[in-house]
Amino acid sequence: EDEADVETLLDMSLRRVLLSGAFRFSLLYLAVIFSVLELFNPETLIQRFIRADRLDWLTEVMFSHPALAIFASVLVAVILGWISGIAVHLMRYYDFQLWLDGDKLRKRHGLFTVTEGTIPLDKVQTLILRTNPLMRAFGWYELKVQTIGINVEEQGHRVIAPFAGGDRLLELARRVRTFELPESFTSVSPLTIRRRFFRYTAVLTALLLPTVYFWPVGWPYLGGVALPWWGFGLVPLILGWALLQYRNHEYAASEDGFYIRRGVVSHYLWIVPIEKFHVFHATASIFQRRLGLKTLFVDTAGAATFAYPEVIDVPADEADAQFNTLYQRFKALYRSRVEAATGAPDTRLDPDERPRLPTDESIGEPSE
49 EDEADVETLL DMSLRRVLLS GAFRFSLLYL AVIFSVLELF NPETLIQRFI
99 RADRLDWLTE VMFSHPALAI FASVLVAVIL GWISGIAVHL MRYYDFQLWL
149 DGDKLRKRHG LFTVTEGTIP LDKVQTLILR TNPLMRAFGW YELKVQTIGI
199 NVEEQGHRVI APFAGGDRLL ELARRVRTFE LPESFTSVSP LTIRRRFFRY
249 TAVLTALLLP TVYFWPVGWP YLGGVALPWW GFGLVPLILG WALLQYRNHE
299 YAASEDGFYI RRGVVSHYLW IVPIEKFHVF HATASIFQRR LGLKTLFVDT
349 AGAATFAYPE VIDVPADEAD AQFNTLYQRF KALYRSRVEA ATGAPDTRLD
399 PDERPRLPTD ESIGEPSE
């Protein structure tokens, strides 16, 4: 490629890589670390410490102050999860570089294993900005692209910017796809709070009631009742969680695409260009129909199985109107591009020229 066509879009210093890991706490990394430690038989080492009377003070504190022991265990798990997140990001994104090479993106990163990748721009189906509450408070985001390829391994989500400011990522995203972020978004129906609250409360009840029924007499009781009964104290938190999900679920349809915001712990902004629309869905479960709600979803090639851009609990009339608007915009764009390329508004045959399937009456009739 001509060097004039090569443009550096993002590079991450060591400080930025470490900072990105500090915002990515995950117990998943901690679980992997403990799984690896199992190979070294840690029980033997712990038994040696106990036999050497080096942990007597610790065991005394644990038995005399169980609440303090639980708090300390949680604190240690959080610290280890935080440190492991930093270590994993350092190994994965060390010396991260992203550059535009003509009509494709190229990236290189890694500490022990250097990974290089190429993403053709015409294979990009959707842009995805992702963040979490801590990153969002400081204005940090991650940018992914949803791609499509002949090979299944080439499909899915690809991180092209692990850590950058929101404005910086939007500027970078516009180098991949041209778009204008809407100034305002529309919230889904407030009835979603009620639906989510009853759903989560029903799940909690289904878990706690059998536990209460089979709770042994000799097991802990608190305030004269079986310990699982106190699990219903989570109900106010469930209501708060449902409210947060409502406040973080918005959408907007513009002339250039469909935009969806959703998520609390993992908050996503999907940017779906009109020319990448494939299938349009407007569905309603039995509970949604009773409340006059629908779920709106525009499918694209290479979409992930989980965390896909659907708008849940939209008023039925509004969902139908958005469904028709999005389809008409896609249809108009498709027709204009086909006409510009072929001189005809459509590539399909005229109705009288299209081949017809045989009818039931014609099957079995002898051919002439």
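Counted the way my numbering counts, the sequence shown spans residues 49 to 416.
In this text, a Cβ means the ideal position worked out from N, Cα and C, and glycines have one as well.
This structure is a prediction, so every number in the text was calculated from the model and none was measured.
Beta-carbon proximity of residue i to residue j, cut-off 8 Å
i, j, result
"D304", "H326", "no"
"H168", "D149", "Reading the sequence as shown, one finds Pro at residue 168 and not His. Contact flag unset, no."
"I241", "L291", "yes"
"R243", "F345", "no"
"L218", "A209", "no"
"L341", "I286", "no"
"I319", "A221", "yes"
"A250", "W263", "no"
"A364", "A388", "no"
"K192", "I176", "yes"
"V260", "W278", "no"
"T373", "A300", "no"
"T166", "H157", "no"
Cutoff 7 Å; reference residue i; Cβ partners in own chain excluding five residues on either side
i, result
"V65", "H137, L138, Y141, Y142 and F144"
"E231", "none"
"G187", "G213 and G214"
"R72", "G133 and H137"
"L381", "I322 and E323"
Other residues of its chain near residue i: CB distance less than 8 Å, five sequence neighbours each side excluded
i, result
"H315", "R178, T179, N180, P181, R184, N296 and R309"
Residues that residue i bridges to, as DSSP identifies them
i, result
"V362", "K342"
"A212", "Y189"
"G305", "P321"
"Y299", "T234 and I308"
"L148", "E55 and L153"
Assigned secondary structure, residue i (DSSP; H/G/I helix, E/B strand, else coil)
i, result
"W130", "helix"
"F119", "helix"
"D347", "strand"
"S235", "strand"
"V200", "Only weak support exists for where V200 lies, its pLDDT of 48 falling under 50; the coordinates are left without a value."
"V313", "coil"
"R140", "helix"
"F325", "coil"
"P168", "strand"
"R382", "The sequence given here has Tyr at residue 382, not Arg. Looking at Y382 - three-state DSSP - the assignment turns out to be helix."
"W426", "Within the shown structure, residues of the chain are numbered from 49 to 416, placing residue 426 beyond reach of any answer."
Whole-number beta carbon distance between residue j and residue i, since they are thought to touch under 8 Å
i, j, result
"G204", "G350", "6 Å"
"W130", "E55", "With 8 Å as the limit, W130 and E55 do not qualify as a contact, their Cβ atoms being about 35 Å apart."
"R223", "L57", "6 Å"
"L239", "D361", "6 Å"
"Q293", "V313", "Going by Cβ atoms, the distance from Q293 to V313 rounds to 10 Å, so no, they are not a contact pair."
Cβ neighbours of residue i in the same chain (closer than 6 Å, five flanking residues each side left out)
i, result
"R338", "none"
"A367", "A330, K342 and L344"
"S235", "E298"
"S68", "H137, P210 and F211"
"F378", "I322 and F325"
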